[in-house]
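First up is the structure itself, then whatever we jot down about it.
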């Protein structure tokens, strides 16, 4: 029975990992893609504007 207890954790972890990958793949695209893309574009634009803005503290 030691071999069963040694194999159960990796099998369970593999099943959860496969489920996670399937969920990620299924959630790509679809009706929320435009909203997700807009949020990413806004975050990138905000990061770029903060990076390029002149600092007013004299450094």
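Numbering (the working numbering), first residue to last: 76 to 134.
Beta carbons are placed, not taken as given, at the ideal position from N, Cα and C, and that holds for glycine.
- Distance from the CA atom of residue 90 to the CA atom of residue 111, rounded to whole angstroms, is 28 Å.
- Secondary structure at residue 117: helix, using DSSP grouped into helix, strand and coil.
- DSSP places residue 76 outside both helix and strand once states are collapsed to three, so it counts as coil.
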